[in-house]
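The structure appears right after this line, and notes come after that.
Residue numbers (our numbering), protein chains in the order written: chain X, 106 to 474; chain P, 18 to 425.
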């Protein structure tokens, strides 16, 4: 019962914290913020919902991204999360098309297209299904430039996949496989935390000259609401973002967990008087070691959190590098609050996820070390 | 007098199809019914085969009523699951099987309980035909302790002896099925494995790897493609270069079967089982069937097909209606009997739904590794990975003969 309450409280606070982000941190985008995108007008009933989706709308006029096309399972009608709604009508069926059910084929095909110069955006329906394509990504995409001596590359390939827990996904609709890909030099792995970040980071991935995997937190497709600027903009890759400055503990995470961490930071301030620095890693590979290490040098304590299982999770990599670089600055052992080493459970999800209470406990332990 | 009344009621039944007969005669003696009849079934298209399944099927009254009961139970159970899902009592993913009941019933009628079966995620029908009770299935869907996987598996992960689920990743169950067939061959127990997949999965590379291994080593595996015309939202024409799924095995013989006719499915599967058991190796079957619901509960099922199409299949090819009409027109059973069966099934499903709704949830303490929950909240656990034990372990025969083929 308590666990269920924790679970619901974790969810309920989403909308509040997210809408605050839109207005506060991004006022530099000015008037454009308040104008909804033209596509919204045609569907006034669902206008609010439409604004929330990570809807990818590349600017049709400038072709700085080259001739791109999107393909994947069911993308033509809009995709299972409605990410590609309206694109087929707007850009034509030779640029937005469905593939058969074959992830290995989809990614292999995308690599080939990218090598030949096209901008290929492949969608894998759920990150849990990416494993048949693992060989193609790791052995082909990641190594193409290296093995051909820069004669060929598949830099114009971007793979998008819904990622992370969603409340009812269980084993095969909730996984966070970023750690598997972090182990592969030659690709970039990017995870946004909100609609504004999603647009900027996705456009950066598409423009980037390396094959990129863009994991989209699926729970945020519906939960996150922000005013996203209409014109294209990019957010640089491999740069972590400090969301909140602090002096006592550094909290590092990415994706959905950012919103949990912000709550944890608020709790720590209120209940323990502890000032937390919250950092969104954004790019998992290659990750911004400088920002994290600088922060740990300042605070002396580090907590890393992710939904993926703890053993071999990306927190282990961050932890290892930080202790190498900042050993003498650490006041307490680096803490990792992650998922357990089990398959992602069905009804035990509330117990499994690294919720704010577990993170709070970890901070308490570090402070009292 | 009684015979004359039966003749009149029969005639009235056939004319109006429904209730007139019921009003004329209150009770019928079972001696009035035809105990057995032979039906013509559709010819199956063949690939790499000289002869196929027979064109006629014999059906006894008891068999007919049993198939009817099985199919109607699956139908009602799926509709109940639909209802519970809409009430948010079932959560997560739920893929319903209504429309395809003839496949599950027909296959089960032609294999032995000791044979093995593995399928993908649209598995509730097979879970039932392989021996799990309605209560346990619905309780598993609602995540209760009384569920067949103790509430921890949910819709896609239900298992039973000789039934290996229930698999979430499309196509991944096919190499598993080939492996089970290999174990059967090793043990020399004359069992076979029925490996099911859908038209969407038919384009997965791992299927072709499995076909190759199965044919090379002559594994007793029946590969069955349940072609329900749509892989989630994509029709077969838009997904596959060749929609002759029974030919996709290439060097493996194939049969295309009318999957809406339980007798056709039964005869074809019997034929396939004999083929495998006689050591001829694997065989591919394509069951042409249809699902009334969308891919899953989050798919309305009408954005990629018309309501008229669904209605047409319901009226012209519904498997349960087809069997019922066959039996009625051959005087093998009465309308009241079918009604009684329906009422009984509804009651059972209702009771099961009650059980599934009020039962206690899966206990975290008992099911996960005990030391998992004793971990302190901070820092995460350093526990052993949870190992899921198989419901049915194939015991390898200690006296097994090592196969003499050096390539193995």
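Don't be surprised by glycine CBs; every beta carbon is placed ideally from N, CA and C.
Look at the alpha carbon of residue i and the alpha carbon of residue j, and state the distance between them as a whole number of angstroms.
| i | j | result |
| --- | --- | --- |
| residue 135 of chain P | residue 331 of chain X | 45 Å |
| residue 391 of chain X | residue 330 of chain P | 54 Å |
| residue 273 of chain X | residue 455 of chain X | 10 Å |
| residue 99 of chain P | residue 113 of chain P | 8 Å |
| residue 271 of chain P | residue 300 of chain X | 50 Å |
| residue 361 of chain P | residue 59 of chain P | 32 Å |
| residue 175 of chain X | residue 294 of chain P | 47 Å |
| residue 382 of chain X | residue 315 of chain X | 31 Å |
| residue 464 of chain X | residue 376 of chain X | 13 Å |
| residue 165 of chain P | residue 156 of chain P | 8 Å |
| residue 327 of chain P | residue 336 of chain P | 14 Å |
| residue 504 of chain X | residue 260 of chain P | The displayed coordinates of chain X run from 106 to 474. Any statement about residue 504 of chain X would go beyond what the structure contains. |
| residue 357 of chain P | residue 108 of chain P | 32 Å |
| residue 462 of chain X | residue 241 of chain X | 39 Å |
| residue 322 of chain X | residue 269 of chain X | 5 Å |
| residue 202 of chain X | residue 86 of chain P | 43 Å |
| residue 343 of chain X | residue 400 of chain X | 16 Å |
| residue 199 of chain X | residue 223 of chain X | 13 Å |
| residue 243 of chain P | residue 442 of chain X | 44 Å |
| residue 179 of chain P | residue 361 of chain X | 40 Å |
Note down, in chain order, each residue of its chain lying with its Cβ closer than 6 Å to the Cβ of residue i, except the 5 sequence neighbours on either side.
| i | result |
| --- | --- |
| residue 312 of chain P | 249 |
| residue 231 of chain X | 267 and 278 |
| residue 287 of chain P | 127 |
| residue 138 of chain P | 112, 173 and 185 |
| residue 266 of chain P | 228 and 301 |
| residue 150 of chain X | Because the pLDDT of residue 150 of chain X is 34, which lies under 50, any placement of that residue in the model is unreliable, and the number read from its coordinates should be weighed accordingly. Closer than 6 Å at the Cβ level, and outside the excluded window around residue 150 of chain X, lies no residue. |
Kindly indicate if chain X contains any beta-carbon less than 8 Å away from that of residue i.
| i | result |
| --- | --- |
| residue 251 of chain P | yes |
| residue 246 of chain P | no |
| residue 150 of chain P | no |
| residue 320 of chain P | yes |
| residue 81 of chain P | no |
| residue 440 of chain P | Only positions 18 to 425 of chain P appear in this structure, which leaves residue 440 of chain P out of reach. |
| residue 227 of chain P | no |
| residue 378 of chain P | yes |
| residue 220 of chain P | yes |
| residue 110 of chain P | yes |
How about residue i and residue j: do their beta carbons lie closer than 8 Å?
| i | j | result |
| --- | --- | --- |
| residue 283 of chain P | residue 116 of chain P | no |
| residue 321 of chain P | residue 263 of chain P | no |
| residue 191 of chain P | residue 124 of chain P | no |
| residue 311 of chain X | residue 263 of chain X | yes |
| residue 389 of chain X | residue 348 of chain X | no |
| residue 77 of chain P | residue 104 of chain P | no |
| residue 358 of chain X | residue 410 of chain X | yes |
| residue 197 of chain P | residue 232 of chain P | no |
| residue 359 of chain P | residue 89 of chain P | yes |
| residue 421 of chain X | residue 440 of chain X | no |
Measuring CA to CA, which of the options is closest to residue i?
| i | options | result |
| --- | --- | --- |
| residue 370 of chain P | P:187, P:196 and P:150 | P:150 |
| residue 240 of chain P | P:290, P:130, P:246 and P:205 | P:290 |
| residue 344 of chain P | P:82, P:69, P:70 and P:64 | P:82 |
| residue 397 of chain X | X:356, X:377, X:290 and X:361 | X:356 |
| residue 158 of chain P | P:78, P:174, P:202 and P:143 | P:174 |
| residue 436 of chain X | X:364, X:247, X:240 and X:473 | X:473 |
| residue 102 of chain P | P:314, P:176 and P:325 | P:314 |
| residue 145 of chain P | P:160, P:92 and P:318 | P:92 |
| residue 49 of chain P | P:280, P:354 and P:220 | P:354 |
| residue 129 of chain P | P:256, P:376, P:220 and P:208 | P:208 |
| residue 341 of chain X | X:451, X:294, X:370 and X:246 | X:294 |
| residue 254 of chain P | P:68, P:236, P:220 and P:235 | P:220 |
| residue 217 of chain X | X:298, X:245, X:379 and X:195 | X:245 |
| residue 182 of chain P | P:147, P:306 and P:75 | P:147 |
| residue 238 of chain X | X:180, X:221 and X:212 | X:212 |
Who are the near neighbours of residue i in its chain, counting only those whose CB is closer than 7 Å to its CB and skipping five residues on each side?
| i | result |
| --- | --- |
| residue 339 of chain X | 305, 308, 309 and 312 |
| residue 280 of chain X | 232, 233 and 449 |
| residue 110 of chain P | 172, 173 and 313 |
Excluding the 5 residues preceding and the 5 following residue i in the sequence, name in chain order all residues of the same chain whose CB lies nearer than 8 Å to its CB.
| i | result |
| --- | --- |
| residue 251 of chain X | 291 |
| residue 374 of chain P | 101, 106 and 159 |
| residue 445 of chain X | 414, 415 and 457 |
Give a yes or no on whether the minimum CB-CB distance between residue i and chain P is below 8 Å.
| i | result |
| --- | --- |
| residue 176 of chain X | no |
| residue 461 of chain X | no |
| residue 282 of chain X | no |
| residue 188 of chain X | no |
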